[in-house]
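Worksheet for the structure shown next.
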Amino acid sequence: MQPYYLGIDVSKGYADFVILSTKKQRIEDNFQLDDTFDGHYRLYERLNLFFENHPNSMIFAAVESTGGYENNWFNALVKFQATLNLQTARLNPLGVNYNSKADLKRNGTDKISAQNVAEYMIGHPEKILYQQQDPLASLRKQWTFVKMLTKQSTQLLNHLESLIYTANPELLAYCKDGVPDWVLKLLANYPTALNLRRARVASVAKIPYVSNDRAKELVASAKKSVASATDKITGQLIIATVKQIMRLKQIIKSQTQTMAKECSTPEVGLLKTFKGINDFSAIGLMIEIQTVERFSTVKKMASFFGLHPVLKESGDGSKKVRMSKQGRKEPRHILFMVTLSAIQCNPLIKSIYQDRIEKGMKRMAAIGYCMHKILRIVYGILKHNKAFDPQIDRMNREKKTQCQKSVPKDKNRRYQDFDSKAPISKRQTKKRKERKLSHSG
Numbered sequence: 461m462q463p464y465y466l467g468i469d470v471s472k473g474y475a476d477f478v479i480l481s482t483k484k485q486r487i488e489d490n491f492q493l494d495d496t497f498d499g500h501y502r503l504y505e506r507l508n509l510f511f512e513n514h515p516n517s518m519i520f521a522a523v524e525s526t527g528g529y530e531n532n533w534f535n536a537l538v539k540f541q542a543t544l545n546l547q548t549a550r551l552n553p554l555g556v557n558y559n560s561k562a563d564l565k566r567n568g569t570d571k572i573s574a575q576n577v578a579e580y581m582i583g584h585p586e587k588i589l590y591q592q593q594d595p596l597a598s599l600r601k602q603w604t605f606v607k608m609l610t611k612q613s614t615q616l617l618n619h620l621e622s623l624i625y626t627a628n629p630e631l632l633a634y635c636k637d638g639v640p641d642w643v644l645k646l647l648a649n650y651p652t653a654l655n656l657r658r659a660r661v662a663s664v665a666k667i668p669y670v671s672n673d674r675a676k677e678l679v680a681s682a683k684k685s686v687a688s689a690t691d692k693i694t695g696q697l698i699i700a701t702v703k704q705i706m707r708l709k710q711i712i713k714s715q716t717q718t719m720a721k722e723c724s725t726p727e728v729g730l731l732k733t734f735k736g737i738n739d740f741s742a743i744g745l746m747i748e749i750q751t752v753e754r755f756s757t758v759k760k761m762a763s764f765f766g767l768h769p770v771l772k773e774s775g776d777g778s779k780k781v782r783m784s785k786q787g788r789k790e791p792r793h794i795l796f797m798v799t800l801s802a803i804q805c806n807p808l809i810k811s812i813y814q815d816r817i818e819k820g821m822k823r824m825a826a827i828g829y830c831m832h833k834i835l836r837i838v839y840g841i842l843k844h845n846k847a848f849d850p851q852i853d854r855m856n857r858e859k860k861t862q863c864q865k866s867v868p869k870d871k872n873r874r875y876q877d878f879d880s881k882a883p884i885s886k887r888q889t890k891k892r893k894e895r896k897l898s899h900s901g
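Under the working numbering, the first residue of the sequence shown is numbered 461, with each subsequent residue one higher.
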C-alpha cells in the first residue's frame, strides 16, 4: 500500500492543505478550505477523488496543536477514517518548527507551513502517534475550563490584596500563604477597617474559623489601623471582588467533582494512589501524557515535560547544569504543584527533599529534583499498571547504593591521555588533578 502524507496548516476559520509522496514531491498542489460544513465536505470529496486516482494507497494526515483551532479539522478527519484509508495525528508545533529550521527554510507562509507538517511526518514517523479516537476529549475541555476559572480567581485575589492593603492592611498578616476563606467571609461583612472597628466581637466570632480571641484581636487591630481608604466605594469594590472569588471557588469545586465522577479511566485511579496527586492533577497529567506507550523510556517522558538536565560548559569555563524547561509548560506546572503537595504529605518525597537540602542544594533545585523523582514514579505506575508502593522505590535505591561505582573513562580523551606539559589554565589544571585523584582512589 503506497503511503502519502497530507500536511495541514490550520488558521482561524480556514486551513491550507498539501499532499506529498515519500520522496517529498507534491502529488496534490496546495489548496485552501474554510472551517465550515461545506469546507469539510469539500475536503472529503477531494480525498475520495484522490483514492479513486490512487488505489491501494494510504494517507497519513496531521495537524499542529494550535490552542483548539485544529479540533474541528482533526475530528472531521477522524470521522473520515471510517470510510477512507486515512490515519490522523496531532503534532507538537515545536518539532515541526525545528525540523523546518534544520532544512534552512527562511520564508514562512501558510502553504510552506502545510508542507512543513507533511515533511515532518515523512522524516520522523517514529515520533507520531496516529489516534483513532480521543477518550479524554470531553475531560480536556472541562479541565481547560477549570484552569481558566482558576486563573481568573488568581487575578481577582491579587487585585483583592491590593485593595486590602489600603482598606485594612493588618489583615494581610493572615494572608501570607494565600487568602483563607474566613478572611473572605470577614471582608464580605466588614470590608474596611472602619467597618470592622465598629463591629461587635460576638458578631465577628460567628464567622467560621474565627474564635472569640481572634475576633477581639481583629477588632482591636482595626481600631489602631493605618488604613488610608475608608470610603464606601472601596468597601463596595472589596465586597464585589470577594463575592466573585467565592462564586468562582464554588464553580471550580463543583466542576472538579464532576470531572472526578465522569473520569472512568483506570490510569487516573492509579495515579491517585500517590499521596500528593488529587483528582484534578491526575486528570491533568493523563490529559498531557495521553498514553504511556508514547514514551519508550522515562528519559523521553522527562524530555516531554522539560525536566531533563541541560549542560552548558565552555572549554575553560565553569559548567552549569539546569532544567531545560523546553516544550509545553502546562504539564510541568502540574507536576510542580504536585511536588509542593507531596513534600508536605508524602513521607518518601519529604525525606528526599530534606536530604537534598541538608546536602546544600538550593530550595528550587531540590524541588526540581523531587519533580524528576515523581515523574519517574508516575512512569512506573502507568507502565506496570500498579498502584504506588514506596517499598519498591526504597528497595531500588538500596540496590543502587550497594553497587560499586567505577569511574568511567573519558571517551573524549581516548586517543591521548592528559598531558601535564600542556599549556592549560589553572582551572583546567585543578580539574585534571581532581580527576587523577578520583581514579587513584
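Backbone N, C-alpha and C define an ideal beta-carbon position, used for all residues, glycine too. Predicted, not measured: the structure shown is a model, and the values here were computed from it.
Candidates the options: closest to residue i by CA position
i, options, result
"residue 468", "540, 501, 873 and 548", "548"
"residue 685", "709, 656, 662 and 711", "656"
"residue 877", "895, 885, 887 and 886", "895"
"residue 652", "695, 678 and 667", "695"
"residue 641", "702, 826, 517 and 550", "702"
"residue 495", "624, 584, 474 and 479", "474"
"residue 749", "688, 795, 888 and 618", "795"
"residue 712", "609, 808, 817 and 635", "609"
"residue 715", "699, 854, 704 and 739", "739"
"residue 605", "482, 513 and 528", "528"
"residue 698", "887, 493, 859 and 620", "620"
Whole-angstrom distance between residue j and residue i, CA atom to CA atom
i, j, result
"residue 843", "residue 489", "43 Å"
"residue 828", "residue 561", "30 Å"
"residue 658", "residue 823", "44 Å"
"residue 626", "residue 690", "8 Å"
"residue 847", "residue 781", "33 Å"
"residue 540", "residue 497", "14 Å"
"residue 470", "residue 530", "6 Å"
"residue 819", "residue 825", "12 Å"
"residue 767", "residue 544", "40 Å"
"residue 832", "residue 891", "29 Å"
"residue 525", "residue 788", "11 Å"
"residue 480", "residue 570", "16 Å"
"residue 607", "residue 741", "11 Å"
"residue 622", "residue 790", "28 Å"
"residue 536", "residue 784", "36 Å"
"residue 486", "residue 552", "23 Å"
Beta-carbon proximity check, residue i vs residue j, cutoff 8 Å
i, j, result
"residue 520", "residue 599", "no"
"residue 533", "residue 743", "no"
"residue 574", "residue 477", "yes"
"residue 798", "residue 736", "yes"
"residue 663", "residue 630", "no"
"residue 837", "residue 734", "yes"
"residue 708", "residue 612", "yes"
"residue 667", "residue 645", "yes"
"residue 830", "residue 809", "yes"
"residue 616", "residue 710", "no"
"residue 522", "residue 572", "no"
"residue 654", "residue 761", "no"
Contact with chain C by residue i, beta-carbon distance below 8 Å
i, result
"residue 528", "The structure shown contains no chain C; it holds only a single protein chain."
Suppose only complete runs of 4+ residues qualify. What are the alpha helix (DSSP H) ranges in the stretch 704-772, listed by chain order?
Within the stretch 704-772, the complete alpha helix (DSSP H) segments at least 4 residues long are 726-731, 739-749 and 758-765, listed from N- to C-terminus.
At 4 residues or longer, and completely inside the stretch 531-590: list those alpha helix (DSSP H) runs for me, N to C.
As summarised for the stretch 531-590, the continuous alpha helix (DSSP H) elements at least 4 residues long and confined to that stretch are 531-540, 553-562 and 570-583, given in chain order.
What alpha helix (DSSP H) runs, 4 residues minimum, are completely inside the stretch 628-711?
Listed in chain order, the complete alpha helix (DSSP H) runs (minimum 4 residues) inside the stretch 628-711 are 641-649, 653-657, 661-665 and 672-683.
Does the stretch 755-773 come into contact with the stretch 836-851, if we say contact requires no fewer than three beta-carbon pairs (one atom in each stretch) closer than 8 Å?
Three or more Cβ pairs drawn from the stretch 755-773 and the stretch 836-851 lie within less than 8 Å of each other, which places the two stretches in contact.
Can you confirm whether the stretch 714-732 touches the stretch 672-680 when touching is taken to mean that 3 or more C-beta pairs between the two stretches lie within less than 8 Å?
With a cut-off of 8 Å, the stretch 714-732 and the stretch 672-680 do not count as touching, because too few Cβ pairs lie within range.
Considering only residues of the stretch 770-850, which uninterrupted alpha helix (DSSP H) runs meet the minimum length of 4 residues and lie entirely inside it, listed in chain order?
Counting only runs of 4 or more, we get 789-805, 807-818 and 823-844.
Should the stretch 577-586 be called in touch with the stretch 541-558, which here means at least 3 C-beta pairs below 8 Å?
Segment contact: the stretch 577-586 against the stretch 541-558, three or more CB-CB distances shorter than 8 Å; contact assigned.
Any beta strand (DSSP E) of 3 or more consecutive residues that is wholly inside the stretch 484-508
Qualifying beta strand (DSSP E) stretches, in chain order: 486-494.
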